[in-house]
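Q:
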Amino acid sequence: TQLLEQSPQFLSIQEGENLTVYCNSSSVFSSLQWYRQEPGEGPVLLVTVVTGGEVKKLKRLTFQFGDARKDSSLHITAAQPGDTGLYLCAGAGGTSYGKLTFGQGTILTVHP
Amino acid sequence: GAGVSQSPSNKVTEKGKDVELRCDPISGHTALYWYRQSLGQGLEFLIYFQGNSAPDKSGLPSDRFSAERTGGSVSTLTIQRTQQEDSAVYLCASSLIVGYLDNEQFFGPGTRLTVL
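Taken in sequence, the protein lines are chains A and B.
As numbered in our numbering, residues 896 to 1007 make up the first sequence, in order.
As numbered in our numbering, residues 45 to 160 make up the second sequence, in order.
(1) With B/Ser139 and B/Gln128 assumed to form a contact (beta carbons below 8 angstroms), what rounded beta-carbon distance in angstroms separates them?
(2) So the beta strand (DSSP E) A/Leu898 belongs to, where does it begin and stop?
(3) Does the beta-carbon of B/Asp62 have 16 or more other beta-carbons within 10 angstroms, so that it is buried, or is it exposed?
(4) Quick check: what's the CA-CA separation for B/Ile91 versus A/Gly980?
(5) Is the CB of B/Asp100 under 7 angstroms away from at least one CB in chain A?
(6) With distances taken Cα to Cα, identify the nearest neighbour of B/Asn96 among B/Ser53, B/Glu112, B/Ser131 and B/Ala132.
(7) Can you tell me whether DSSP reads A/Gln928 as helix, strand or coil?
(8) Can you find the residues in the same chain that come closer than 6 angstroms, C-beta to C-beta, to A/Phe997, ignoring five residues on each side of it along the sequence?
(9) What residue from A/Pro938, A/Asn919, A/Ser921 and A/Ala963 has the CA that sits closest to B/Trp78's CA?
(10) At 3 residues or longer, and completely inside the stretch 90–125 of chain B: list those beta strand (DSSP E) runs for me, N to C.
(11) Excluding five sequence neighbours on each side, which residues of the same chain lie with their C-beta closer than 6 angstroms to the C-beta of A/Leu956?
(12) Closer than 8 angstroms by C-beta to B/Ile141: which residues in its own chain qualify, once you throw out the five before and the five after it? Chain order, please.
(13) Let me check one thing: in DSSP terms, what residues is B/Glu48 bridge-paired to?
(14) Thinking C-alpha only, which one of B/Val48, B/Arg66, B/Gly47 and B/Ala46 is nearest B/Lys55?
(15) Take A/Ile1002 and list the residues in its own chain whose beta-carbon comes closer than 6 angstroms to its own, dropping the five residues that flank it on each side.
(16) Counting C-beta neighbours from all protein chains within 10 Å, is the total for B/Ala137 16 or more, i.e. buried, or is it exposed?
(17) Going by other Cβ atoms of all chains shown within 10 Å of its Cβ, with 16 needed for buried, is B/Thr126 buried or exposed?
Laid out in structure tokens, this is it:
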């Protein structure tokens, strides 16, 4: 069974601070996705990383895929209240063709 | 709308009753997925469909859970003899194809199931 350990589970910070969310596994994934979910809605895809060592930037968000394709991180620079939400990492591939294996999620609260 | 829709949005039922949850995927998407999410937690895979076939049912928690998809479109998740531990948000997603790399899944808003 493939597992993704996501940390921290909760993050409460002030506007303007930086933060990093980690996603780790002992399994290799073909790709790693990051989703953001707001209350009462389904997750929405932010980015997919595919190549080991890949770094993708989306405005103030930076996503990295580990060289061995077993881990990933999400870094937010100068967080804003609008970044508040549940962030989920999800791995595709390996022994789990078709389905996504999700981490437990990180609940981020950014205070003005 | 063009997104994934689910119905009902909320369902309250009594322990022991059967419930049916419906998912309408994005038109043209061949793959459809069901997940379960406990409050503020990650998603637990239940089952996915490629067309009308379900290659992977490994996530269904027990034989009280079943799902079907007809016409390569609408899917129904049925829970028989509901238990309180079945209370969760049930999310449906669809994707254009099934694959390792390009597998962006589009999620519906979910059905919140409460078993009393």
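Don't be surprised by glycine CBs; every beta carbon is placed ideally from N, CA and C.
A: Let me lay it out:
(1) Taking the second sequence and counting its residues from 1, one reaches residue 139 of chain B at position 95. Taking the second sequence and counting its residues from 1, one reaches residue 128 of chain B at position 84. Between B/Ser139 and B/Gln128 the beta-carbon gap is near 32 angstroms, outside 8 angstroms, which marks them as no contact.
(2) Within the first sequence, numbered from 1, the residue matching residue 898 of chain A stands at position 3. Per DSSP, A/Leu898 lies in no beta strand (DSSP E) and is assigned neither H nor E.
(3) As a first step, residue 62 of chain B must be located in the second sequence, where it is residue number 18. Exposed.
(4) Here residue 91 of chain B corresponds to residue number 47 of the second sequence, with the count starting at 1. Here residue 980 of chain A corresponds to residue number 85 of the first sequence, with the count starting at 1. Distance between B/Ile91 and A/Gly980, taken at the CA atoms: about 26 angstroms.
(5) Looking up residue 100 of chain B in the second sequence gives position 56. Closer than 7 angstroms to some Cβ of chain A, the Cβ of B/Asp100 qualifies, so yes.
(6) Here residue 96 of chain B corresponds to residue number 52 of the second sequence, with the count starting at 1. Among B/Ser53, B/Glu112, B/Ser131 and B/Ala132, the Cα nearest to that of B/Asn96 is on B/Glu112.
(7) Numbered from its first residue, the first sequence carries residue 928 of chain A at position 33. When secondary structure is reduced to three states using DSSP, A/Gln928 falls in the strand class.
(8) Within the first sequence, numbered from 1, the residue matching residue 997 of chain A stands at position 102. Apart from sequence neighbours up to five positions away, the residues of its chain that approach A/Phe997 with a beta-carbon distance below 6 angstroms are Leu983 and Ala985, ordered along the chain.
(9) Start at 1 with the first residue of the second sequence, and residue 78 of chain B comes out as number 34. Comparing Cα-Cα distances from B/Trp78 to each of A/Pro938, A/Asn919, A/Ser921 and A/Ala963, the minimum goes to A/Pro938.
(10) Within the stretch 90–125 of chain B, the complete beta strand (DSSP E) runs of at least 3 residues are 97–100, 109–113 and 119–123.
(11) Indexing the first sequence from 1 puts residue 956 of chain A at position 61. Non-local beta-carbon contacts of A/Leu956 in its own chain, meaning distances under 6 angstroms to residues more than five positions away in sequence, involve Ile971 in chain order.
(12) Taking the second sequence and counting its residues from 1, one reaches residue 141 of chain B at position 97. Result list for B/Ile141: Thr74, Ala75 and Asn147, in chain order.
(13) Sequence index remark: in the second sequence, residue 48 of chain B carries index 4 (1-based). Inspection of the sequence shows that residue 48 of chain B is occupied by Val rather than by Glu. Note: B/Val48 sits in no beta bridge, so no partner.
(14) Residue numbering aside, residue 55 of chain B sits at position 11 when the second sequence is read from its first letter. B/Lys55 has its Cα closest to that of B/Arg66, out of B/Val48, B/Arg66, B/Gly47 and B/Ala46.
(15) Start at 1 with the first residue of the first sequence, and residue 1002 of chain A comes out as number 107. Phe905 and Leu981.
(16) As a first step, residue 137 of chain B must be located in the second sequence, where it is residue number 93. Buried, by the Cβ-count rule.
(17) The count along the second sequence starts at 1 and reaches residue 126 of chain B at position 82. It counts as buried.
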